[in-house]
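For reference, the structure discussed in these notes is given below.
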Amino acid sequence: MVNDCIDIGLASNVTTLKRLAMLSWPRRRQYGCPDCYKACAVSRAAGILAARKKSLRRGIPTKNPYSLKPQITAYRGFKIKNATLRIPVGKRNFLFVPLISHIVSALSDPALTVRSFTLTPTSLSLCISKEVPEIECADAIGVDRNLRNLAVGNEAGVTHYDLSRTVRIAETTVKVVGSFKRNDSRIRKKIVSKYGRRRRNRTQHLLHNATKRIVTEAHERRQAIVLENIKGIRRLYCKGNGQGPKYRGRMNAWSFGEAQRQLEYKARWVGLPVIRLSRKETRGTSVTCPQCGERLQEDRRIRRKLWCGKCRVVMDRDVVAAINLSRRGRLRFDRSRAKRGLQGRAVETLKRNPTTTVILRADALKPSKQPKTWQNL
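Just so you know, the sequence shown maps onto residues -4 to 372 in the working numbering.
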């Protein structure tokens, strides 16, 4: 059904959902399945056609898209009862799929709502939503993403989460894939896909453990999470920048986007606010002294340490970045500054001032002293 909708969309040069649904309805109505599957089929076809149109607009050559993996998706008509998922198959017939104990315990939360399901020959996926009230945080923590660690904290303290194992996993995968010398594109593609999935799963597991601990501790302390904007950082590690291939490969294998994705969805799931700084606000966070605001100097003997000539102290650059990120994140709530640091908290600024603001003005059109001619009258 999805491929039929794609054929109609390619023949009519249609990518919008409404137009594709109208043109494909005569063919979709011939299928004897429930209407919920017909609506999801045209929605998936519209998404595939929209992605193809976007690739063509960017100048990327694409083939005619088709859905190769059989699957069933529906957002209505199903029901979960007694640890069993009931799926309609047409003519008042149903398919019953038993659920494992972990899914049953997760769905026992009354705040959860099952939105849709996707059934494939080997898996079953449930899409759930949850209404979570946002927590009023009293403080903020900055998250500085690095190649081998995550530095999380503020002025009270900074914690390092070791991620050096992800670098070793990426380097080992490159060596293993490069050791195969057989000149067969089909086998090479299969091997690269296999070890690429293995590398991705192992990296995501390590990031999951670190981000889960970060969000759990922030939720217990009622702290907002501040993230930096490092979009476009891969442009610094392109060919021709005077860097070696090993260094460029190591930096381009950095999973900084996956760490941000996991932090954001886990924080929103428990109601923690996530503050994403702009590029302007992120600039200089790792080279600015958090005590005096002066630019820090780099020590050539100790690469990760920075020295402040005014405060006469040596600080780790990851700790400096985490503290500055937390401070600039709090400035989203309160822009006032003091001589010794920041003033106010998020709750104070949201309450606003109890009295109205007095605006001083002067009427420039009204003279302060009347002319002599007016006095004579």
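Every residue, glycine too, gets a C-beta built ideally from N, C-alpha and C.
Tell me the DSSP secondary structure of N59 in three-state form. Mapped onto the sequence shown, residue 59 falls at position 64. In the structure shown, N59 falls within a coil segment according to DSSP collapsed to helix, strand and coil.
Within 10 angstroms of its Cβ, does D139 collect 16 or more other Cβ (buried), or is it exposed? Within the sequence shown, residue 139 is the residue found at index 144, counting from 1. So D139 ends up on the buried side.
Does the distance from the C-beta atom of L267 to that of A213 stay below 8 angstroms? The sequence position of residue 267 within the sequence shown is 272, counting from 1. The sequence position of residue 213 within the sequence shown is 218, counting from 1. For L267 and A213, yes; Cβs fall inside 8 angstroms.
N-terminal and C-terminal residue of the beta strand (DSSP E) that S124 is part of: Residue mapping note: residue 124 aligns to position 129 of the sequence shown, counting from 1. L119 to K125 is the extent of the beta strand (DSSP E) around S124.
Taking I123 as the reference, which of L320, W264, R298 and R323 has the closest Cα? Stepping through the sequence shown from its first residue, residue 123 is reached at position 128. Comparing Cα-Cα distances from I123 to each of L320, W264, R298 and R323, the minimum goes to W264.
From R274, S281 and F175, pick the residue whose C-alpha is nearest to that of A146; which is it? Locating residue 146 in the sequence shown gives position 151, counting from the first residue. The shortest Cα separation from A146 among R274, S281 and F175 belongs to S281.
Close Cβ partners of D294 (< 6 angstroms) along its chain, the five nearest in sequence each way excluded: Residue mapping note: residue 294 aligns to position 299 of the sequence shown, counting from 1. The answer, listed in chain order, is K300 and W302.
For E253 and L202, what's the separation of their Cα atoms in angstroms? Within the sequence shown, residue 253 is the residue found at index 258, counting from 1. Within the sequence shown, residue 202 is the residue found at index 207, counting from 1. Distance between the alpha carbons of E253 and L202: 8 angstroms.
Same chain only: Cβ atoms within 8 angstroms of G54, ignoring 5 sequence neighbours per side: Position 59 of the sequence shown holds residue 54. Taking C-beta separations shorter than 8 angstroms and ignoring five residues to either side along the sequence, G54 has no partners in its chain.
Per-residue burial, R433 [other beta carbons within 10 Å of its own, 16 or more giving buried]: Residue numbering for the chain in the displayed model covers -4 to 372; residue 433 lies beyond these limits and cannot be assessed.
When R322, K305, E215 and L272 are compared against L222, the one with the closest alpha-carbon: The residue given as residue 222 occupies position 227 in the sequence shown. The residue from R322, K305, E215 and L272 with its alpha-carbon nearest to that of L222 is L272.
Rounded separation between R177 and E276 - CA only: Counting from one through the sequence shown, the residue named residue 177 turns up at place 182. Counting from one through the sequence shown, the residue named residue 276 turns up at place 281. One Cα belongs to R177, the other to E276, and the distance between them is close to 50 angstroms.
Which value, in whole angstroms, describes the spacing of the CA atoms of S120 and R110? Along the sequence shown, one-based indexing puts residue 120 at 125. Along the sequence shown, one-based indexing puts residue 110 at 115. A straight line joining the alpha-carbon of S120 with that of R110 spans about 11 angstroms.
Give the C-beta separation of Q218 and I98 to the nearest angstrom, bearing in mind that I take them to be a contact with Cβ-Cβ under 8 angstroms. Walking along the sequence shown from the start, residue 218 turns up at place 223. Walking along the sequence shown from the start, residue 98 turns up at place 103. Taking C-beta atoms under 8 angstroms as the contact rule, Q218 and I98 fail to qualify, at a distance of about 31 angstroms.
With DSSP collapsed to three states, give me the class of I182. Position 187 of the sequence shown, counted from the first residue, corresponds to residue 182. Helix, per DSSP.
Roughly how many angstroms lie between the CA atoms of C0 and K13, to the nearest whole one? As a working mapping, residue 0 is identified with position 5 in the sequence shown. As a working mapping, residue 13 is identified with position 18 in the sequence shown. Whole-angstrom Cα-Cα distance: 12 angstroms.
With a threshold of 7 angstroms (Cβ to nearest heavy atom), would R194 be considered close to the ligand FMN? Annotation note on the ligand FMN: not contained in the displayed structure, which lists no ligands.
Roughly how many angstroms lie between the CA atoms of E131 and T113, to the nearest whole one? By 1-based counting over the sequence shown, the position of residue 131 is 136. By 1-based counting over the sequence shown, the position of residue 113 is 118. Annotation: E131 to T113 spans about 36 angstroms, alpha carbon to alpha carbon.
Does the separation of the CB atoms of N144 and D313 fall below 8 angstroms? Stepping through the sequence shown from its first residue, residue 144 is reached at position 149. Stepping through the sequence shown from its first residue, residue 313 is reached at position 318. Yes, the Cβ-Cβ distance between N144 and D313 is below 8 angstroms.
In the DSSP output, what is G293 paired with across the bridge? Reading the sequence shown from its first residue, position 298 is the one you call residue 293. For the record, residue 293 in the displayed sequence is Glu; it is not Gly. In the DSSP output, where bridge partners are listed per residue, E293 has L301.
Buried versus exposed, by CB contacts within 10 Å (16 or more), T10: Counting from 1 along the sequence shown, the entry for residue 10 is found at position 15. Counting every other CB atom within 10 Å of its CB across the protein chains shown gives T10 a total of 16 or more, marking it as buried.
Would A165 and A248 be called neighbours here (beta carbons separated by less than 8 angstroms)? Along the sequence shown, one-based indexing puts residue 165 at 170. Along the sequence shown, one-based indexing puts residue 248 at 253. For the pair A165 and A248, the CB atoms are nearer than the 8 angstroms cut-off.
Near L51, what residues of its chain come up, given a Cβ to Cβ distance below 8 angstroms and the 5 sequence neighbours on each side ignored? As a first step, residue 51 is located in the sequence shown; it is residue number 56 there, counting from the start. Within the same chain, and ignoring the five residues on either side of L51 in sequence, the residues whose Cβ sits closer than 8 angstroms to its Cβ are T57.
Assuming R23 is part of the alpha helix (DSSP H), what are its boundary residues? Counting from one through the sequence shown, the residue named residue 23 turns up at place 28. R23 -> alpha helix (DSSP H) spans L12 to R23.
Among R274, V210 and C233, which one has its Cα closest to the Cα of K226? Taking the first residue of the sequence shown as 1, we reach residue 226 at position 231. Out of R274, V210 and C233, the CA that lies nearest to the CA of K226 is found in R274.
Pick helix, strand or coil for D134, following the three-state DSSP scheme. Taking the sequence shown and counting its residues from 1, the one referred to as residue 134 is at position 139. Note: D134 maps to strand in three-state DSSP.
So what's K189 in DSSP terms, helix, strand or just coil? Locating residue 189 in the sequence shown gives position 194, counting from the first residue. DSSP places K189 in helix when its eight states are reduced to three.
By the 10 Å Cβ neighbour count, where 16 or more other Cβ atoms means buried, how is P128 classified, buried or exposed? Numbered from its first residue, the sequence shown carries residue 128 at position 133. With a 10 Å radius around the Cβ and a threshold of 16 neighbouring Cβ atoms, P128 comes out exposed.
Which term fits F91, buried or exposed, when burial requires 16 or more other beta carbons within 10 angstroms of its beta carbon? In the sequence shown, counting from the first residue as 1, residue 91 sits at position 96. Its Cβ having fewer than 16 others within 10 Å, F91 is exposed.
When the Cα atoms are used, what is the spatial distance from P375 to P83? Any answer about residue 375 is impossible in this case: the structure gives the chain only from -4 up to 372.
Cβ-Cβ separation, S159 to T198 (assumed contact under 8 angstroms), whole Å: Here the question's residue 198 lines up with position 203 in the sequence shown. Here the question's residue 159 lines up with position 164 in the sequence shown. Contact doesn't hold; Cβ gap of about 12 angstroms is too wide.
I270 and I209: beta carbons closer than 8 angstroms? Your numbering for residue 270 matches position 275 in the sequence shown. Your numbering for residue 209 matches position 214 in the sequence shown. Cβ distance not < 8 angstroms, so I270 and I209 don't count as in contact.
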